[in-house]
Amino acid sequence: MITPRLAPLAKLLVATLLAVGFACTPPKGERIVLITLDTLRADSFFGSAERPSSMPRTLALAARGAIYDHFYAATSVTQPSHASMLTGLHPWQHGVTRNGQLLSGDVETVAESLAAAGWETGAVVASFPLAGSFGFAQGFSSFDDHFDHRHPRESWEDHSIPGQRFYNTAETITDKAITLLDHLKGKRQLLWIHFFDAHSPYGDSAGLEPIRMVQIMRPIRRGRPVEAVLQRARRAYEADVAAMDRQLSRLLSRLDADSDRFTTHIVVAADHGESFGEGGALAHGKRLTPEQIRVPLFILSPRIEPGRKERIAGSVDVAATLLDLAGLPHRGPAQSLLAPPLRPASAVGMRRTFTRVVNEERSDGTKIPILGHRFFAVGRDGRLVLGNGQELLPAPTSSTLSRAEGDRLLALFAQFEQQLDSAHSLSATDDESRRALRALGYVD
Ligand SMILES: [Zn+2]
891 MITPRLAPLA
901 KLLVATLLAV
911 GFACTPPKGE
921 RIVLITLDTL
931 RADSFFGSAE
941 RPSSMPRTLA
951 LAARGAIYDH
961 FYAATSVTQP
971 SHASMLTGLH
981 PWQHGVTRNG
991 QLLSGDVETV
1001 AESLAAAGWE
1011 TGAVVASFPL
1021 AGSFGFAQGF
1031 SSFDDHFDHR
1041 HPRESWEDHS
1051 IPGQRFYNTA
1061 ETITDKAITL
1071 LDHLKGKRQL
1081 LWIHFFDAHS
1091 PYGDSAGLEP
1101 IRMVQIMRPI
1111 RRGRPVEAVL
1121 QRARRAYEAD
1131 VAAMDRQLSR
1141 LLSRLDADSD
1151 RFTTHIVVAA
1161 DHGESFGEGG
1171 ALAHGKRLTP
1181 EQIRVPLFIL
1191 SPRIEPGRKE
1201 RIAGSVDVAA
1211 TLLDLAGLPH
1221 RGPAQSLLAP
1231 PLRPASAVGM
1241 RRTFTRVVNE
1251 ERSDGTKIPI
1261 LGHRFFAVGR
1271 DGRLVLGNGQ
1281 ELLPAPTSST
1291 LSRAEGDRLL
1301 ALFAQFEQQL
1311 DSAHSLSATD
1321 DESRRALRAL
1331 GYVD
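Quick note, in my numbering, the sequence shown goes up one by one and the last residue is 1334.
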């Protein structure tokens, strides 16, 4: 008990301790976290009239931040789409236009920009297509690309898979991500965590008997009904997404628990979606369909106003946003989602041809040869338009285009096609592309 005579002294002591305590409290660090969810459909995340969300935990957390209802992946395959998120460049600019290509060391990634500005950088990726050997480790001082689960073949896109080890499931990725968080010591940290669970084989993350694409293709090739196996595959896919939801919410909870030490900014985006027979499309990568390119994106950050966002955004904008969060400038075609939308907002992307002639096998048994590049543009009205330099194709969400609008898109796509041959020489083409986009009303 403190006697009245000592009370002033005790008060002084408490005040001194508090002052010293506050003075010793280190300022909060800054943490930017990019989480990419492979192969995640928009309706699996958001829910739809047909089914509830398979990611209720993550969706509830996302609701505290900004959710983008009109986010478009740069393409429908992993490597180009991730390269766009990591560089802020379109596939025809960074040069990774299909799977199996390398991200050039000449292209500056967000991780390189932040590392050069003194940020500590670390990444955990969940599958071989994003291994460091493809150029995705650029700028990361710590990069985990060790995989446990095997691929049925020894190579992928003409690259041999070391030990046939191809991917990890969400529990492993989350454990590794949390270990990385424990390990990083910098006051400013950039992390990239990649989850692969929604990708085929379907059901393995959920502990089910896995369903592989070959089981879907077999009845199609034999002219038998495929609906039953497609429905089973979709259920297994959703079970994998639900398993990822549980693990991702564990990671998000851990990040939240560090909020006394870090101001945290989290950007969560899918690289592409998945088709289960809509319009005859299967899996991903051969077509640019709404199910494959309109995907989830949300941002949790004190720097962004929470709520559902109507603005149209694309993969390139992820990079610009990460740079903006770090207080760094960005160049190229992207726009930061922290800033008010440029009018009119837009998204563009592409799908390239393959090294050899590839047929797109549809769920009705037809085979469509993939012969030319395909580009897409999503204009201010949310209309998706597909085509190349010669023709425009009706897309499921398109209404009719005016003649002038169509001509401008043909010219734009022709220009993108020209840039494909001169990828990496961005100084000239980037300005040209921006001028063309501006003329079309796609950027200010
Ligand atoms: Zn992917």
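Just so you know, even glycine gets a beta-carbon here, dropped at the ideal spot from N, CA and C.
- Look at Gly919 here: in three-state DSSP terms it is strand.
- With fewer than 16 other Cβ atoms inside 10 Å of its own Cβ, Asn1249 counts as exposed.
- Scanning its chain for C-beta atoms nearer than 8 Å, with the 5 sequence neighbours on each side dropped, one finds around Ser1032 the residues Thr1011, Gly1012, Ala1013, Leu1070, His1073 and Leu1074, in chain order.
- When the Cα atoms are used, Leu1213 and Asp1146 turn out to be separated by approximately 22 Å.
- Separation of Thr1290 and Thr1062 (C-alpha to C-alpha, rounded to the nearest whole angstrom) is 48 Å.
- Secondary structure at Met975: helix, using DSSP grouped into helix, strand and coil.
- Only residues of its own chain outside the window of five on either side were considered, and among them Pro1259 have a CB closer than 7 Å to the CB of Val1247, listed in chain order.
- Collapsing the DSSP output to three states places Phe1056 in a strand.
- By the C-beta density criterion, Ala939 is exposed, having fewer than 16 other C-beta atoms within 10 angstroms.
- Relative to the Cα of Leu1080, the nearest Cα in the group Thr1154, Leu979 and Pro1223 belongs to Thr1154.
- Of all alpha-carbon atoms in Leu993, Arg1252, Thr1059 and Leu1300, the one lying nearest the alpha-carbon of Val1275 is that of Leu1300.
- Within 7 Å of the C-beta of Thr929 there is at least one heavy atom belonging to ligand 1.
- Counting of Cβ neighbours within 10 angstroms places Glu1164 among the buried residues, the total reaching 16 or more.
- Asp1161 has its Cβ nearer than 7 Å to a heavy atom of ligand 1.
- In summary, Leu927 is buried, with 16 or more beta-carbon neighbours lying within 10 Å of its beta-carbon over all protein chains present.
- Looking at Leu924, Gly1269, Arg1252 and Pro917, the one whose alpha-carbon comes closest to that of Glu1117 is Arg1252.
- Here Leu924 is buried. Its C-beta has 16 or more other C-beta atoms within 10 Å.
- Put simply, of Thr1243, Thr1256, Met945 and Ala1237 the residue whose alpha carbon is nearest the alpha carbon of Phe1266 is Ala1237.
- Val1275 carries a strand assignment under DSSP once its states are collapsed to helix, strand and coil.
- Checking the DSSP bridge columns, you'll see His960 partnered with Ile1202.
- Look at Val967 here: in three-state DSSP terms it is coil, with no helix or strand label.
- It is roughly 21 Å from the alpha-carbon of His972 to the alpha-carbon of Gln1137.
- Distances taken from the Cβ of His1089 to the heavy atoms of ligand 1 include one shorter than 7 Å.
- For Phe1166 and Ala1123, the gap between their C-alpha atoms comes out near 8 Å.
- The criterion of a C-beta distance shorter than 8 Å is not satisfied by Asp1130 and Ala1160.
- It is roughly 10 Å from the alpha-carbon of Arg1193 to the alpha-carbon of Ala1229.
- By the Cβ rule, the segment 939-956 does not count as touching the segment 1174-1183, because fewer than three pairs are nearer than 8 Å.
- Separation of Gly1022 and Leu976 (C-alpha to C-alpha, rounded to the nearest whole angstrom) is 13 Å.
- Separation of Arg1241 and Trp1046 (C-alpha to C-alpha, rounded to the nearest whole angstrom) is 18 Å.
- The C-alpha of Phe1306 lies about 12 Å from the C-alpha of Leu979.
- If you draw a 10 Å sphere on the C-beta of Val1206, you find 16 or more other C-beta atoms in it, and that means buried.
- His960 is the residue among Gln1308, His960, Trp1082 and Leu993 whose C-alpha sits nearest the C-alpha of Leu1187.
- Inclusion of Thr968 in the 7 Å shell around ligand 1 follows from its C-beta lying nearer than that to a non-hydrogen atom of the ligand.
- From the listed residues Arg1111, Arg1198 and Ile1106, the smallest Cα separation to Leu1120 is found for Ile1106.
- Counting every other CB atom within 10 Å of its CB across the protein chains shown gives Asp1038 a total below 16, marking it as exposed.
- DSSP places Thr1062 in the helix class (H, G or I) of the three-state scheme.
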